[in-house]
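A.B. asks: One structure is given below, represented as structure tokens, and several questions about it will come after.
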Amino acid sequence: MNPLMKSMLTPIARINILSFFIISYFIITVVPGYGQDKTSTLKQTPEELAIEKKIDYLLGQMTLEEKAGQLTQYSGNDTVTGPLKFVSTQVEDIKKGLAGSILNVVGTENTRELQELAMENSRLKIPLIFGLDVIHGYKTLFPIPLAEAASWDLAAIEQSARVAAIEASSAGINWTFAPMVDIARDPRWGRVMEGAGEDPYFGSLVAAARVRGFQGSNLANKNSIVACAKHFAGYGAVEAGREYNTVDISRRVMNEIYLRPFKATVEAGVGTFMNAFNEFEGIPATANSYLLRDKLKGEWNFNGFVVADWNSIGELVINGLANDEKDAAQMAIKAGNDMDMVTGAYRKYLVELVKTGKVDIKLVDDAVRRVLRIKYRLGLFDNPYKNCDAALENQMLLHPAHIVAAREMARKSIVLLKNQEHILPLSLNIKKIAVIGPLADSRDDILGFWSAQGEGKDAVTVLEGIRDAVSPSTEVLYAKGCNIDDQLSPVYDEAIAVALQADVVVLAIGENREMSGEASSRAFISIPGRQEELLDNLLKTGKPIVVLLMNGRPLAIPGLVSKAPALLETWFLGSQAGNAIADVLFGKYNPAGKLTMSFPFAVGQVPVYYNHKNTGRPEMPNSDRWISHYLDIPNEPLFPFGFGLSYTTFEYSNLKLNKATMKMDDSISVSITVRNTGKYDGEEVVQLYVRDLVGSVTRPVKELKGFKKVMIKAGESLDISFTLKAPDMAFFTKDMTYKAEPGDFKVFVGTNSVDCKEAVFSLTE
Ligand code: BGC
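Letter 396 of the sequence shown, counting from 1, is numbered 399 in the working numbering, and no numbers are missing.
Following this line, the structure appears as structure tokens:
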């Protein structure tokens, strides 16, 4: 490109072109097989049959103690969760081949040292597998998963996982404890930030995309890491949204809502599963053979391995299911739990349990086979040090291509919730901008929970992003205003003084990164501390205010929403948060994100989700008192599933079905015209929902069945069409068979789960 052309490009166009070249180069040269067939890496190919033979041989060589060791995972201390603050890596066990896996040890130097201990000292030289929570990036952090889901861009989500895998694998990691595919309907539960939201159809697509991204085209690739679908299952349904709490849901709801994304990961070839802390039907997931044996390993034919969540085997005692750890080990292995994370119960008791006839050796052999299978598929037997290349680690962490990808993903994850009088986008030539708020210059919080090896020093804050974006003549003023969790009213004088000088105020408020994620349930899901009061004080200045929300969950903030003139949901966007936010604030990128979890009007509505049942007394226009409603708040959430605005506007018209009736083996085409009626080119996520009007069991009022994210130029129209087939309408019928039933259906197409055009069709035998 000649220098003149280069200077004519906007900074963003330059980034796009640069990113295209870097990513293409990177994909072609560094990511073998990217873009090729990415279907299951776990099919029985001739190579895999050969692996089974090698496993037969190895199993024949292993002592019972070595088998128990293979099913044992120890934690290093690079990063830990859970009540057990530190567990040593049990060097002697590693040397004797009595440990199968290590978690929480990172960096090629460290993993190489441990791998050498195993390979140079143990009798059978079985390599260790190194696991870590690589949830939304390793060193270059991408947005938290709930934010990424709001992009509705599956290719981008897959790429985000790919980048995470490339970095983590370069730093000694073979295995990530992700994706978390728990459906979440309760925003009090802090772990909603790790998933894709409330919808099982959408959650399944995201789950599969993440698995493909982590695992790449082949687990044996140097830059593939094996994924782990977690937490199996029903963890998202913890009562009252309280972390680690009990769960009580029906088998029908478990199958129809919570299990679907897990099944999708099996279909995408996921190599491992992690069980959950909660119980199902009175049996903790760790000991639940319906989930692990009947469903996962039986019906779904999963042939990877299951790891227990952190000490969940030990917790069977506290749960009141097992008498002691020995009892717990027996229950867990029988139920189908293959590897023990940190409890040490398999290591201590499996040998005795087999010798005394309490546990069939076949169960132990099957579990070991599964672990070895994944190690073989990862290519660890061929090269135990495949992920221990210090030079590659150096080259890959914070690679420029990763930073470009992180910025793009972050922009796509932002949701415009309100834009009164078109305050946004802001002009780049504003004279003075006041950037205010406890999160405006916070570099750690924007990384979000589960930040692996990401560091604040590598992140771009909102203040920095804005400073970098504006023209040289723009003055950027800053004041913190208050802390995130101030209890007493702080003095807002400085913030007010700064706001008074400015033409526009950008206010960054919300949660800190520790307020969502594991063990971060909240009962009041409003903006913590006195931050809303800060907004009230700033509003008195009469200046236009753009509020940037940062949070890891939907918030119940009706007051704030009515007050704030413009509102952007920016979640925790990762290393490039500040740049991405500036791109959106100044219109270099037109926001197109849509919520994948409803924002409640008040905590009292929770759980609130779009695909609820109708009840016998639904609220209707002019309904009387004796209906399903609240006396004090609306039934509707503050923002529904699928909601998100753009700087432009879209008009939907002309919803058409190509037929009124379809047979079970037929399909129906649903089409609609979407017109960009505003001034900006923009992307829209066109959403398709269906309602089965009468079923052998009651059906939800709406269910997402498809979506398309399309770019439409200002003033132009696009015809969008979807195809529906009978299996799209399948559900667990009265006798729990999964099929579609004949009958009448409503189809909805629209910009979110509420604002839709409607039509009807019938399905016949
Ligand atoms: C979490 C898991 C995580 C594991 C290892 C547990 O406390 O529930 O999601 O993978 O710790 O860090």
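Glycine residues also receive a C-beta, built at the ideal position from the N, C-alpha and C atoms.
1. Tell me which residues share the same chain as L319 and place their Cβ nearer than 8 Å to its Cβ, disregarding the 5 neighbours each side in the sequence.
2. Let's see if you can read the secondary structure: which residues bound the alpha helix (DSSP H) around T114?
3. Which runs of the alpha helix (DSSP H) fall wholly inside the region 188-256 and span at least 4 residues, in chain order?
4. Going by the DSSP bridge assignment, what does W178 pair with across the sheet?
5. Tell me whether A102 sits in a helix, a strand or coil according to DSSP, three-state version.
6. Using C-beta distances below 7 Å, list every residue in its chain close to L67, excluding the 5 sequence neighbours before and after it, in chain order.
7. Closest by CA to M732, which one among K760, D695, S78 and A211?
8. Using the beta-carbon count (16 or more within 10 Å), is Y481 buried or exposed?
9. Contact check, V465 vs I584 under 8 Å by CB: the rounded distance?
10. Look at the alpha carbon of I528 and the alpha carbon of P190, and state the distance between them as a whole number of angstroms.
11. How about F276: is its Cβ closer than 7 Å to a heavy atom in the ligand BGC?
12. Closer than 7 Å: is that where the CB of K233 sits relative to any heavy atom of the ligand BGC?
13. Can you give me the Cβ contacts of V34 inside the same chain, cut-off strictly under 6 Å, excluding the 5 residues immediately before and after it?
14. Answer yes if the region 366-374 comes into contact with the region 141-157, meaning at least three C-beta pairs across the two stretches below 8 Å, and no otherwise.
15. Between the Cα of S253 and the Cα atoms of E242, N657, F283 and A232, which residue gives the shortest distance?
16. Since N657 is in the beta strand (DSSP E), which residue starts that stretch and which ends it?
17. Which residue comes first and which comes last in the beta strand (DSSP E) that contains N278?
18. Nearest-angstrom Cα distance between D256 and F646?
19. So the alpha helix (DSSP H) Q690 belongs to, where does it begin and stop?
20. Among G681, K716, H615 and T767, which one has its Cα closest to the Cα of K666?
21. With K705 and S756 assumed to form a contact (beta carbons below 8 Å), what rounded beta-carbon distance in angstroms separates them?
22. Rounding to the nearest angstrom, what Cα-Cα distance links V90 and Y77 in this structure?
23. Is E284 helix, strand or coil when you go by DSSP?
24. So what's R702 in DSSP terms, helix, strand or just coil?
25. How do the region 439-452 and the region 466-486 stand: do at least 3 beta-carbon pairs fall below 8 Å, yes or no?
26. Give the straight-line distance between the Cα atoms of N593 and L570, rounded to the nearest whole angstrom.
27. Less than 6 Å between C-beta atoms, sequence neighbours within five positions excluded: which residues of the same chain meet that for D758?
28. Am I right that L144 and S454 are in contact with their C-beta atoms under 8 Å? What's the rounded C-beta distance?
29. Any chance the CB of W313 is under 7 Å from a heavy atom of the ligand BGC?
30. Are the beta-carbon atoms of T111 and G200 separated by less than 8 Å?
31. G468 and G555 - do their beta-carbons sit closer together than 8 Å?
32. Keeping to the same chain, check which residues put their C-beta closer than 6 Å to that of L383; ignore five residues upstream and five downstream.
33. Would the beta-carbon of L67 be found less than 7 Å away from any heavy atom of the ligand BGC?
34. Could you tell me if Y612 is buried or exposed, where buried requires 16 or more neighbouring beta carbons within 10 angstroms of its beta carbon?
35. Hey, A187 and A230 are a contact pair by Cβ (cut 8 Å); roughly how many whole angstroms apart?
36. Let me check understanding here. Comparing Cα to Cα, which of G323, K711, G274 and N638 lies closest to D341?
C.D. replies: On the basis of the coordinates in this document:
1. Mapped onto the sequence shown, residue 319 falls at position 316. Correct list, in chain order: P287, T289, A290, A325, D330, A331, M334 and A335.
2. The residue given as residue 114 occupies position 111 in the sequence shown. Taken as a continuous stretch (DSSP letters only), the alpha helix (DSSP H) holding T114 covers T111 to N124.
3. 203-218
4. In the sequence shown, counting from the first residue as 1, residue 178 sits at position 175. Answer is G134 and V229, bridged to W178.
5. Taking the sequence shown and counting its residues from 1, the one referred to as residue 102 is at position 99. A102 falls in the coil class under three-state DSSP.
6. Residue 67 sits at position 64 when you count from the first residue of the sequence shown. Closer than 7 Å at Cβ, skipping near neighbours: V354 and V357.
7. Residue mapping note: residue 732 aligns to position 729 of the sequence shown, counting from 1. Selected option, being the one with the closest Cα: D695.
8. Counting from one through the sequence shown, the residue named residue 481 turns up at place 478. Flag for Y481 reads buried.
9. As a first step, residue 465 must be located in the sequence shown, where it is residue number 462. As a first step, residue 584 must be located in the sequence shown, where it is residue number 581. Indeed, because the Cβ distance is near 5 Å, the residues count as touching under 8 Å.
10. Here residue 528 refers to the residue found at position 525 of the sequence shown. Here residue 190 refers to the residue found at position 187 of the sequence shown. Computed Cα separation, rounded: 8 Å.
11. The residue you call residue 276 lines up with position 273 of the sequence shown. No.
12. Residue mapping note: residue 233 aligns to position 230 of the sequence shown, counting from 1. Yes, Cβ of K233 sits closer than 7 Å to a heavy atom of the ligand BGC.
13. As a position in the sequence shown, residue 34 is number 31, starting the count at 1. Note on V34: pLDDT 32, under 50, position unreliable in the model; the coordinate value appears next. Correct list: empty, nothing qualifies.
14. no
15. Taking the first residue of the sequence shown as position 1, residue 253 is located at position 250. Looking at the Cα atoms, F283 is the closest of the given residues.
16. Position 654 of the sequence shown holds residue 657. Note, N657: beta strand (DSSP E), F653 to L660.
17. Along the sequence shown, one-based indexing puts residue 278 at 275. Unbroken beta strand (DSSP E) run through N278: T275 to N278.
18. The sequence position of residue 256 within the sequence shown is 253, counting from 1. The sequence position of residue 646 within the sequence shown is 643, counting from 1. One point to set straight first is that residue 256 is Val, not Asp, in the sequence displayed. Distance between the alpha carbons of V256 and F646 is about 25 Å.
19. Here residue 690 refers to the residue found at position 687 of the sequence shown. Counting along the chain, Q690 falls outside any alpha helix (DSSP H), though it belongs to the beta strand (DSSP E) covering G685 to D695.
20. As a position in the sequence shown, residue 666 is number 663, starting the count at 1. Residue T767 is the option with its Cα nearest to K666.
21. Residue mapping note: residue 705 aligns to position 702 of the sequence shown, counting from 1. Residue mapping note: residue 756 aligns to position 753 of the sequence shown, counting from 1. Confirmed, Cβ separation roughly 6 Å.
22. As a first step, residue 90 must be located in the sequence shown, where it is residue number 87. As a first step, residue 77 must be located in the sequence shown, where it is residue number 74. The predicted model places V90 with a pLDDT of 47, which falls under 50 and marks its position as unreliable; any figure quoted below should be read in that light. Computed Cα separation, rounded: 7 Å.
23. Taking the first residue of the sequence shown as 1, we reach residue 284 at position 281. It is coil, neither helix nor strand.
24. Residue numbering aside, residue 702 sits at position 699 when the sequence shown is read from its first letter. Here R702 sits in coil by DSSP.
25. yes
26. Position 590 of the sequence shown, counted from the first residue, corresponds to residue 593. Position 567 of the sequence shown, counted from the first residue, corresponds to residue 570. Using only the alpha carbons, I get a separation of about 14 Å.
27. By one-based count along the sequence shown, residue 758 stands at place 755. Hits under 6 Å: none found.
28. On the sequence shown, position 141 is the one that residue 144 refers to. On the sequence shown, position 451 is the one that residue 454 refers to. About 6 Å; that satisfies the 8 Å criterion.
29. The count along the sequence shown starts at 1 and reaches residue 313 at position 310. Checking the Cβ of W313 against the ligand BGC gives yes.
30. The sequence position of residue 111 within the sequence shown is 108, counting from 1. The sequence position of residue 200 within the sequence shown is 197, counting from 1. Result no, Cβ atoms of T111 and G200 do not sit closer than 8 Å.
31. For this step, residue 555 is matched to residue 552 along the sequence shown. For this step, residue 468 is matched to residue 465 along the sequence shown. No, the Cβ-Cβ distance between G555 and G468 is not below 8 Å.
32. Indexing the sequence shown from 1 puts residue 383 at position 380. Same-chain partners within the cutoff: P130.
33. As a working note, residue 67 is residue 64 in the sequence shown. No, since every heavy atom of the ligand BGC falls outside the 7 Å radius drawn around the Cβ of L67.
34. Here residue 612 refers to the residue found at position 609 of the sequence shown. With 16 or more Cβ atoms within 10 Å of its Cβ, Y612 is classed as buried.
35. Position 184 of the sequence shown holds residue 187. Position 227 of the sequence shown holds residue 230. No, A187 and A230 are not in contact; Cβ-Cβ is about 19 Å, not under 8 Å.
36. In the sequence shown, the residue the question calls residue 341 occupies position 338. Closest option to D341, Cα to Cα, is G274.
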